[in-house]
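Take any residue in the sequence shown, note its place counting from 1, add 3, and you have its number in my numbering.
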Amino acid sequence: MLLSDFNSIINLPRFVEECLGEKGYSFVKLPIYGWLAYKKEGGFLQVRDAFEFGYDNRANVLYEFIVKKQPHLLDSPITYSEQAAKSLQSSVLERFVWKSVWKLALEHTRTGNIQHRGRWTPVIEALKQMDVYEPDNCLIGVQTPKIVDIGREIRASKGWPSGPGERRFLIPTFYAPNHLSSIDLVASLDDVNERSSNVYMLHKRGWYGYLDKKIVASPVDSIFFGGNTWSPLCKPWTSTAVELADNLTLSSLLRIWSEGDGVNFSDNILDRVANSPEIGNLPNYIAGLTKEQMMTLQDKTGARLMDAWKKAKEQKVQINNVTFINRYNEYWVLYKGKEERFTNFTISINTVKVHGTKADYHCTVNHEESSLPVIIEDCPLSTGVKLTARIQAKVFELGLCIPDICTKYKRYLGDVIIRLNSLAKVEKVDEAKKLEPEAPEKTDAS
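Below, the structure is given as structure tokens:
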């Protein structure tokens, strides 16, 4: 269990207010990273997860207390595990160590010296000569002999790159203010995110730079021009109008527009898109858009994008030299250069609940412009054949459409659906406690 796993299942508002008696906090739950509490203290925004209320060195104690004695403080009750307690403690301590390493490197930036242009120079002065943006207030850490020694100690188990002395700058990314998501170790500030060595990664890289009033195009830009790179993780922490750098590419603008709902941008992003010199490449960047977003973009730009969007949404899987395609709410077959329709519907698997040797598939059936939820129960895990029969019956029962399945390839349907939904969430259900499953929420067809 990682710290973010526990932060995702503990109900932090209840824990902070009922258990700890702390008041005045607001709360946000981030995808992957879980719950965070925040409030202004002394003019600064303070952000804490469950472990930062005095449990940084006692994560296993908090885990045991909550799971065994206060399970009502969990959004999803779990069974206590000694192994989970140990791995959780390790995850929280690892974060503590790397935050300490970065703080040590940052302190050296403020007060230390570095070899620069053939002589020892105060780090701040060297950064000024490199044209770093506001070097007195930057987030760049510089290695010290002590950090090199730490690197030698943890290299084998934690992956510190060989020859750490050859790389001298530590560059962080964040998932919340002052909360590290990753640390890069680089030889040159121009190499950030291109030839960097990642020495710490909680899940994935967050945003580079100070969370500011400006979104910049790259990590290097955040170092030399200020501002921060875009990440959806920025959204809860931006309250003022956000400027967009002039050199943002068309793909970057589309990503920010599609992910930045709720953020107040000073520019109209769609105006920037419509006037971009890259507008001819627009069909190359629309795969991640929803249908509603694609239609809005089409109306704004006047470009005809529906066919390109459908094509970009296609998923393919090959079974026994036959290629199966998920093509906008229909499955198609490609065999020996010829295409034919396989089904007039598709299945999106939302969650697979495994109990023993069987599973309940919580799905969405998609047909043309409509979607309906369905649960396909007690399917054997070892084969997709019985899943095929259950699917046909369920689609018919829903009344969404009369299922039209090409008989020549019918035996493949269950396996095709499973392969095309390989990223579906899987949950293990205790057979003795298995309850009647609830109907899944209705899912948008796009």
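We put the CB at the ideal spot given by N, CA and C, even for glycine.
Values in this document were obtained by computation on a predicted structure and should not be read as measured data.
Review point. What's the C-alpha gap between Ser1 and Ser269?
Key: Any answer about residue 1 is impossible in this case: the structure gives the chain only from 4 up to 449.
**Study point:** From Trp123, Ser191 and Tyr203, residue whose alpha carbon lies closest to that of Ser185
**Key:** Locating residue 185 in the sequence shown gives position 182, counting from the first residue. Out of Trp123, Ser191 and Tyr203, Tyr203 has the C-alpha closest to the C-alpha of Ser185.
**Study point:** Residue nearest to Leu77 in terms of C-alpha spacing, selected from Glu97, Ala53 and Gly115
**Key:** Numbered from its first residue, the sequence shown carries residue 77 at position 74. Taking only the C-alpha atoms, the option nearest Leu77 is Ala53.
Review point. Nearest CA to the CA of Ala88: which residue from Asn63, Lys71 and Lys216?
Key: Along the sequence shown, read from residue 1 onward, the residue named residue 88 stands at position 85. That would be Asn63, whose Cα lies nearest to the Cα of Ala88.
Review point. Considering only the beta carbon of each residue, do Ile143 and Ala129 sit closer than 8 Å?
Key: Residue numbering aside, residue 143 sits at position 140 when the sequence shown is read from its first letter. Residue numbering aside, residue 129 sits at position 126 when the sequence shown is read from its first letter. No. Outside cutoff.
Check your understanding: Can you pull the DSSP bridge partners for Gln452?
Key -> Because residue 452 is not part of the residues shown, which for the chain are 4 to 449, the question remains open.
Review point. From Val368, Ser191 and Leu173, pick the residue whose C-alpha is nearest to that of Leu183; which is it?
Key: Sequence index remark: in the sequence shown, residue 183 carries index 180 (1-based). The residue with the shortest Cα to Cα distance from Leu183 is Leu173.
**Study point:** Nearest to Ser79 (by Cα), restricted to the options Phe9, His206 and Glu20
**Key:** Taking the sequence shown and counting its residues from 1, the one referred to as residue 79 is at position 76. Ranking Phe9, His206 and Glu20 by Cα distance to Ser79 puts Phe9 first.
Check your understanding: By how many angstroms is the C-alpha of Glu67 removed from the C-alpha of Tyr84?
Key -> What you label residue 84 is simply residue 81 of the sequence shown in a count that begins at 1. What you label residue 67 is simply residue 64 of the sequence shown in a count that begins at 1. Per the sequence presented here, residue 84 reads as Ser, with Tyr not at that position. Rounded to the nearest angstrom, the two C-alpha atoms are 9 Å apart.
Exercise for review: Check the C-beta distance from Gly212 over to Thr232 and give it rounded, since I have them as a contact under 8 Å.
Suggested key: On the sequence shown, position 209 is the one that residue 212 refers to. On the sequence shown, position 229 is the one that residue 232 refers to. That pair is a contact at about 6 Å.
Exercise for review: Following the continuous beta strand (DSSP E) through Ile272, name the residue where it begins and the one where it ends.
Suggested key: Taking the sequence shown and counting its residues from 1, the one referred to as residue 272 is at position 269. Here Ile272 belongs to no beta strand (DSSP E); instead the alpha helix (DSSP H) covers Ile272 to Ala277.
Point to revise | Cα-Cα separation between Val50 and Leu107, rounded to whole angstroms | key: As a first step, residue 50 is located in the sequence shown; it is residue number 47 there, counting from the start. As a first step, residue 107 is located in the sequence shown; it is residue number 104 there, counting from the start. Between Val50 and Leu107, the C-alpha separation is close to 21 Å.
Check your understanding: What do you get for Ala179, buried or exposed, if any count of 16 or more other CB atoms within 10 angstroms of its CB means buried?
Key -> Translated into positions along the sequence shown, residue 179 becomes position 176. It is buried - the Cβ of Ala179 has at least 16 other Cβ atoms within 10 Å.
Review point. Straight-line CA distance for Lys149 to Ala248?
Key: Numbered from its first residue, the sequence shown carries residue 149 at position 146. Numbered from its first residue, the sequence shown carries residue 248 at position 245. About 38 Å.
Review point. If you scan the segment 280 to 331 from start to end, which runs of the beta strand (DSSP E) of 3 or more residues do you find wholly inside it?
Key: 318 to 322 and 325 to 329
Check your understanding: Could you give the distance in angstroms between the alpha-carbon of Tyr338 and the alpha-carbon of Trp240?
Key -> Counted from its first residue, the sequence shown places residue 338 at position 335. Counted from its first residue, the sequence shown places residue 240 at position 237. One C-alpha to the other measures close to 51 Å.
Practice item. Please look up how many angstroms separate the CB atoms of Leu253 and Val223, rounded, as I've assumed it's under 8 Å. Key: Reading the sequence shown from its first residue, position 250 is the one you call residue 253. Reading the sequence shown from its first residue, position 220 is the one you call residue 223. Going by Cβ atoms, the distance from Leu253 to Val223 rounds to 19 Å, so no, they are not a contact pair.
Exercise for review: Tell me, please, which residues DSSP counts as bridged to Ser374.
Suggested key: Within the sequence shown, numbered from 1, the residue matching residue 374 stands at position 371. Answer is Asn369, bridged to Ser374.
**Study point:** Distance between beta carbons of Val398 and Val320, contact taken as under 8 Å
**Key:** Walking along the sequence shown from the start, residue 320 turns up at place 317. Walking along the sequence shown from the start, residue 398 turns up at place 395. Their Cβ separation, rounded to whole angstroms, is 20 Å, which puts Val320 and Val398 out of contact at 8 Å.
**Study point:** Where Ala362 falls: helix, strand or coil (DSSP)
**Key:** Residue mapping note: residue 362 aligns to position 359 of the sequence shown, counting from 1. If DSSP states are grouped into helix, strand and coil, Ala362 belongs with the strands.
Check your understanding: What residues in its chain sit with their C-beta under 7 Å from that of Gln92, if we drop five residues either side in the sequence?
Key -> The residue given as residue 92 occupies position 89 in the sequence shown. Excluding positions up to five away in sequence, the list reads Ala62 and Asn63.
Point to revise | Residue burial classification, Pro138 (beta-carbon count within 10 angstroms, cutoff 16) | key: Counted from its first residue, the sequence shown places residue 138 at position 135. Label assigned to Pro138: buried.
**Study point:** Distance between Lys356 and Pro16 (C-alpha atoms, nearest Å)
**Key:** Within the sequence shown, numbered from 1, the residue matching residue 16 stands at position 13. Within the sequence shown, numbered from 1, the residue matching residue 356 stands at position 353. Rounded to whole angstroms, Pro16 to Lys356 spans 28 Å at the Cα level.
Review point. Taking the alpha carbon of Glu110 as the point to measure from, which residue in Ile127, Arg122, Thr299 and Leu390 has its own alpha carbon closest?
Key: Residue mapping note: residue 110 aligns to position 107 of the sequence shown, counting from 1. Minimum Cα distance to Glu110 is reached at Ile127.
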